[in-house]
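See below for the structure under consideration.
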Amino acid sequence: MHSAVLLIEFGSIILGLGLLGRFAARFSLSPIPLYLLAGLAFGEGGLLPLGASEEFVATGAEIGVILLLLMLGLEYSAGDLVTNLKAHYPSGLVDAALNALPGAAAALLLGWGPVAAVVLAGVTWISSSGVIAKVLGDLGRVGNRETPVILSVLVLEDLAMAVYLPIVTALVAGAGLLAGSLTLAIALGAAGLVLFVAVRYGRLISRFVSSDDPEKLLLVVLGLTILVAGVAQQLQVSAAVGAFLVGIALSGEVAEGAHTLLSPLRDLFAAVFFVFFGLHTDPASIPPVLLPALALALVTAGTKIATGYWAARRAGISEKGRWRAGGALVARGEFSIVIAGLAVGAGIEPSLGPLATAYVLILVVLGPLTARYTEPLASRWAGHFRTRQEEPAVREPSVID
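Position one of the sequence shown corresponds to residue 6 (our numbering), numbered consecutively onward.
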């Protein structure tokens, strides 16, 4: 009987997610807000709380995080990462300063303490690669001159995750200074080792994993990723970091083939992850934090626009391209929820989960709008300002006249 209820509940969740995804696609929207709302509806304090399938959904959500980071790692080769670090690290530093500090300051002003401040800094810092990539494709801007600048900022954020996530994991686990430093040293050592091996022996690794049979390739890559993620978690390093490093280590045809095969699985389990996060957020807890979330969203939308503008200006992009780059970076999404999920799972601050949910809901909707309209609005404002400055002064009539 329990098995039948589990299948009915989980089947209903998957079917509902599919229908929500189709609805979002019809209106060219990201489905992430709808997935979060679905989780709120079926979670604690929702319309119809789940029972039998919650443990199964929790496991699916964990796999979702692992696949999100794996697919992110597959996007870049180790050589690309090294090149991006050398060329664009100043943009990454500006990005971190402008967008992490507002989150940390907000947490301290709300009285949540230093650990929550570090977590909320990450929530406001990391843009949504998935949402931004989709928006750029929808707007036909993939070939624009500013697009490599946008992608470089996103790559640097993704690289920073490999350092940031172990720090957060140690902090939310309540590890002391020695244990936290050890965790970070292990994570940095693992990341450095993987990058070294990927640059020097990437072809050998890819050849070992490679297979002409899609089934065998899928099983080997998925099994290897989950195994490494489990070992990483056992070493008190985030499982997500382990998955990200596996993705970096694979390159060439293997990475392309794995990306194609794993994309549907990633989409499925990522959707389950967003639902799971919503399940553990009481809808009644969102209204009290809605105003701070809105204020934080507006501030960090402005700082992201400034980040993109500065990075594009540094790369010699035209004025219009600078505004397009800034507007495209506003959306937050999957990784903000992943970071908040670490704190929610550890019970750090009860209001952090609801605030992160509201914050992401606001910016994942606002992001496509800023990507589309920031440049036209800025151009119109600049044109209006120039017109006013160029207007001839009205000559005062003299006594002689």
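All residues carry an ideal CB built from backbone N, CA and C; glycine is no exception.
With 16 other CB atoms within 10 Å as the buried threshold, where does residue i fall?
{"i": "I37", "result": "buried"}
{"i": "G148", "result": "exposed"}
{"i": "A178", "result": "exposed"}
{"i": "A302", "result": "buried"}
{"i": "W315", "result": "buried"}
{"i": "A387", "result": "exposed"}
{"i": "R271", "result": "buried"}
{"i": "P355", "result": "exposed"}
{"i": "E60", "result": "exposed"}
{"i": "F282", "result": "buried"}
{"i": "R327", "result": "buried"}
{"i": "V1", "result": "The requested residue 1 is not part of the displayed model; the chain covers only 6 to 406."}
{"i": "P373", "result": "buried"}
{"i": "F32", "result": "exposed"}
Quick check on residue i: does DSSP put it in helix, strand or coil?
{"i": "H285", "result": "coil"}
{"i": "I322", "result": "coil"}
{"i": "A383", "result": "helix"}
{"i": "V335", "result": "coil"}
{"i": "E80", "result": "coil"}
{"i": "D100", "result": "helix"}
{"i": "L255", "result": "coil"}
{"i": "S268", "result": "helix"}
{"i": "L34", "result": "coil"}
{"i": "I13", "result": "helix"}
Could you compute how far the alpha carbon of residue i sits from the alpha carbon of residue j?
{"i": "G321", "j": "I191", "result": "39 Å"}
{"i": "L284", "j": "G44", "result": "4 Å"}
{"i": "E14", "j": "L273", "result": "16 Å"}
{"i": "V136", "j": "V214", "result": "30 Å"}
{"i": "A30", "j": "M76", "result": "21 Å"}
{"i": "G329", "j": "A66", "result": "The sequence given here has Arg at residue 329, not Gly. Going by the C-alpha atoms only, they are around 34 Å apart."}
{"i": "A306", "j": "Y364", "result": "11 Å"}
{"i": "G350", "j": "T230", "result": "22 Å"}
{"i": "G21", "j": "P288", "result": "19 Å"}
{"i": "I71", "j": "P119", "result": "27 Å"}
{"i": "G23", "j": "G16", "result": "11 Å"}
{"i": "L98", "j": "E162", "result": "10 Å"}
{"i": "L141", "j": "S8", "result": "43 Å"}
{"i": "R208", "j": "L360", "result": "44 Å"}
{"i": "V168", "j": "V87", "result": "15 Å"}
{"i": "Q238", "j": "I19", "result": "28 Å"}
{"i": "G78", "j": "D100", "result": "20 Å"}
{"i": "L232", "j": "G247", "result": "9 Å"}
{"i": "K325", "j": "N104", "result": "22 Å"}
{"i": "D217", "j": "I253", "result": "21 Å"}
{"i": "R423", "j": "L34", "result": "Residue coverage of the chain in this structure runs from 6 to 406, which leaves residue 423 outside it and unanswerable."}
{"i": "T152", "j": "G145", "result": "11 Å"}
{"i": "L255", "j": "L74", "result": "13 Å"}
For the ligand HEM, is there any heavy atom lying closer than 7 Å to the beta carbon of residue i?
{"i": "P153", "result": "Only the bare structure without any ligand can be found here, which leaves the ligand HEM out of the picture."}
Mind checking if residue i is an interface residue toward chain B, Cβ cutoff 8 Å exclusive?
{"i": "A387", "result": "You won't find chain B in this structure, because it holds only one protein chain."}
So, does the segment 369 to 378 touch the segment 127 to 147, judging by three or more C-beta pairs under 8 Å? yes
Three or more C-beta pairs under 8 Å: does that hold for the segment 121 to 133 against the segment 326 to 342? yes
Could you tell me whether the segment 95 to 108 touches the segment 276 to 283, where touching means 3 or more Cβ pairs closer than 8 Å? no
Extract the residue ranges of the alpha helix (DSSP H) inside the segment 105 to 173, only unbroken runs of 4 or more that lie entirely within it. 119 to 130 and 134 to 143
Evaluate the contact criterion for the segment 89 to 103 versus the segment 288 to 297: three or more CB pairs, one atom per stretch, below 8 Å. no
So, do the segment 261 to 269 and the segment 323 to 337 have three or more beta carbon pairs nearer to each other than 8 Å? no
Continuous alpha helix (DSSP H) assignments of at least 4 residues falling wholly in the segment 347 to 377: none
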